[in-house]
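Trainee: So the protein lines, in turn, are chains W and G. Its first residue numbered 8, the first sequence is counted upward by one per residue in this note's numbering. Its first residue numbered 409, the second sequence is counted upward by one per residue in this note's numbering. Ideal Cβ positions, reconstructed from N, Cα and C, are used throughout, including at glycine.
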Amino acid sequence: ILNVEQSPQSLHVQEGDSTNFTCSFPSSNFYALHWYRWETAKSPEALFVMTLNGDEKKKGRISATLNTKEGYSYLYIKGSQPEDSATYLCAFTANAGKSTFGDGTTLTVKP
Amino acid sequence: GAGVSQSPRYKVAKRGQDVALRCDPISGHVSLFWYQQALGQGPEFLTYFQNEAQLDKSGLPSDRFFAERPEGSVSTLKIQRTQQEDSAVYLCASSPTRDSRNYGYTFGSGTRLTVV
Chain W
8 ILNVEQSPQS
18 LHVQEGDSTN
28 FTCSFPSSNF
38 YALHWYRWET
48 AKSPEALFVM
58 TLNGDEKKKG
68 RISATLNTKE
78 GYSYLYIKGS
88 QPEDSATYLC
98 AFTANAGKST
108 FGDGTTLTVK
118 P
Chain G
409 GAGVSQSPRY
419 KVAKRGQDVA
429 LRCDPISGHV
439 SLFWYQQALG
449 QGPEFLTYFQ
459 NEAQLDKSGL
469 PSDRFFAERP
479 EGSVSTLKIQ
489 RTQQEDSAVY
499 LCASSPTRDS
509 RNYGYTFGSG
519 TRLTVV
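1) Residues in the same chain with beta-carbon distance under 7 Å from Gln458/G, minus the five sequence neighbours each way, listed in chain order, please.
2) Which bits of chain G does Tyr43/W rub up against, with CB to CB less than 9 Å?
3) Name the residues in the stretch 431-462 of chain G whose C-beta lies less than 8 Å from a C-beta of chain W; which are they?
4) Using the three-state DSSP reduction, which class does Asp91/W fall into: helix, strand or coil?
5) For Lys65/W, go through chain G and note every residue whose CB falls closer than 9 Å to its CB, in chain order.
6) Jot down the residue ranges of each uninterrupted beta strand (DSSP E) in the stretch 32-79 of chain W, minimum 3 residues, whole runs only, in chain order.
7) Are the Cβ atoms of Leu521/G and Tyr443/G separated by less than 8 Å?
8) For a contact meaning CB atoms closer than 9 Å, what does Arg509/G contact in chain W?
9) Would you check if the distance between the CB atom of Phe32/W and the CB atom of Phe99/W is smaller than 8 Å?
10) How do the stretch 414-423 of chain G and the stretch 87-95 of chain W stand: do at least 3 beta-carbon pairs fall below 8 Å, yes or no?
11) Assess, as a yes-or-no matter, whether the stretch 473-491 of chain G is touched by the stretch 15-22 of chain W under the definition of 3 or more beta carbon pairs within less than 8 Å.
12) Grab me the residues of Gly436/G's own chain with a C-beta within less than 8 Å of its C-beta, minus the 5 sequence neighbours each way, in chain order.
13) Hey, Tyr513/G and Phe441/G: beta-carbon distance below 8 Å or not?
14) So, Asp432/G versus Arg489/G, is the Cβ gap smaller than 8 Å?
15) Can you tell me where the beta strand (DSSP E) holding Leu440/G begins and where it ends?
16) For Asp464/G, return the contacting residues in chain W, with the cut-off set at a CB-CB distance below 8 Å.
17) Indicate whether Ser92/W and Tyr83/W have their beta-carbon atoms separated by less than 8 Å.
18) Give the C-beta separation of Thr113/W and Thr94/W to the nearest angstrom, bearing in mind that I take them to be a contact with Cβ-Cβ under 8 Å.
19) So Ala53/W contacts chain G; which residues on that side make the cut at Cβ distance below 9 Å?
20) Does any C-beta atom of chain G lie closer than 8 Å to the C-beta of Gly111/W?
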């Protein structure tokens, strides 16, 4: 059984705050790490696909880093906005098949 | 289609009833996945198809769960003799390739199953 841990479980920030959360995964047999954003009443939406140790990806105010040797990825949101409120899921893939998901970090941004 | 379509959106079943959940992936997507999501938890893997071949069904919780994708497009997840512990959101996802290093999954909106 693969263990994918996300922390914190939930986070409440004020509009304009920057924030970050963590995804921990097994450091062996790494293949890919995905980040998804899941807004209430919508489908999970892919944010980043990360494959190489040291990868940094950015999309607008959101960025992510990857350390495969120590088994963690960080997701950063700069200047949080209320529309960033969602659950952020990471998913670890050990081969070209299924992904194992963490339980997510639920972010609430207060105006 | 433009996205992954799942139906029904909501299903209430009496305990012991059989249910069938449908997933229409994006046209041409090779890989199709079913996940089960309990309240407050992340999606848990159920099964994976590559075209019509079911390559991994290790996550199906019991022999009451059965999935098929006979023509490599639409997939059906069937649950026989539903139990209360089957209550969850069932998510379907598809991907254009066999290789998850290039693409993330495209998810459907899910089917929320409630067994009463």
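Mentor: Looking at the coordinates:
1) Working through the second sequence from its first residue, we reach residue 458/G at position 50. Here Gln458/G has Val438, Ser439, Arg506 as same chain residues with Cβ atoms under 7 Å from its own Cβ, once five neighbours each way along the sequence are excluded.
2) To locate residue 43/W, count along the first sequence from 1; it is residue 36. At a C-beta separation below 9 Å, Tyr43/W has these neighbours in chain G: Gly512, Tyr513, Phe515.
3) Here the close residues are Phe441, Tyr443, Gly448, Gln449, Gly450, Pro451, Glu452, Phe453, Tyr456.
4) Position 84 of the first sequence holds residue 91/W. DSSP places Asp91/W in helix when its eight states are reduced to three.
5) Taking the first residue of the first sequence as position 1, residue 65/W is located at position 58. The contacting residues do not exist; Lys65/W stays about 16 Å from chain G at best.
6) Under the rule that a run must span 3 or more residues, the beta strand (DSSP E) segments found entirely inside the stretch 32-79 of chain W read 39-45, 52-57, 63-66, 69-74.
7) Sequence index remark: in the second sequence, residue 521/G carries index 113 (1-based). Sequence index remark: in the second sequence, residue 443/G carries index 35 (1-based). Inclusion of Leu521/G and Tyr443/G in the CB contact set at 8 Å is not warranted, their separation being larger than that value.
8) Translated into the one-based positions of the second sequence, residue 509/G becomes position 101. Going along chain W in sequence order, the residues near Arg509/G (Cβ under 9 Å) are Tyr38, Ala39, Val56, Thr58, Thr100, Ala103.
9) To locate residue 32/W, count along the first sequence from 1; it is residue 25. To locate residue 99/W, count along the first sequence from 1; it is residue 92. Less than 8 Å separates the beta-carbon of Phe32/W from that of Phe99/W.
10) No, the stretch 414-423 of chain G does not touch the stretch 87-95 of chain W.
11) Contact fails: fewer than three Cβ-Cβ distances are below 8 Å.
12) Here residue 436/G is taken as the residue at index 28 of the second sequence, counted from 1. A distance below 8 Å between beta-carbons, with the five flanking residues on each side excluded, links Gly436/G to the following residues of its chain, in chain order: Pro504.
13) Taking the first residue of the second sequence as 1, we reach residue 513/G at position 105. Taking the first residue of the second sequence as 1, we reach residue 441/G at position 33. Contact flag set, yes.
14) The count along the second sequence starts at 1 and reaches residue 432/G at position 24. The count along the second sequence starts at 1 and reaches residue 489/G at position 81. The Cβ atoms of Asp432/G and Arg489/G do not sit closer than 8 Å to each other.
15) Within the second sequence, the letter at position 32 stands for residue 440/G. Residue range 439-445 is occupied by the beta strand (DSSP E) that includes Leu440/G.
16) As a first step, residue 464/G must be located in the second sequence, where it is residue number 56. Neighbours of Asp464/G on chain W, chain order: Gly104, Lys105.
17) On the first sequence, position 85 is the one that residue 92/W refers to. On the first sequence, position 76 is the one that residue 83/W refers to. Between Ser92/W and Tyr83/W, the C-beta gap is not smaller than 8 Å, which leaves the two residues out of contact.
18) Along the first sequence, one-based indexing puts residue 113/W at 106. Along the first sequence, one-based indexing puts residue 94/W at 87. Going by Cβ atoms, the distance from Thr113/W to Thr94/W rounds to 5 Å, so yes, they are a contact pair.
19) Taking the first residue of the first sequence as 1, we reach residue 53/W at position 46. The contacting residues are Tyr511, Gly512, Tyr513, Thr514, Phe515.
20) For this step, residue 111/W is matched to residue 104 along the first sequence. Against chain G, the CB of Gly111/W has a partner CB under 8 Å away; the residue lies at that interface.
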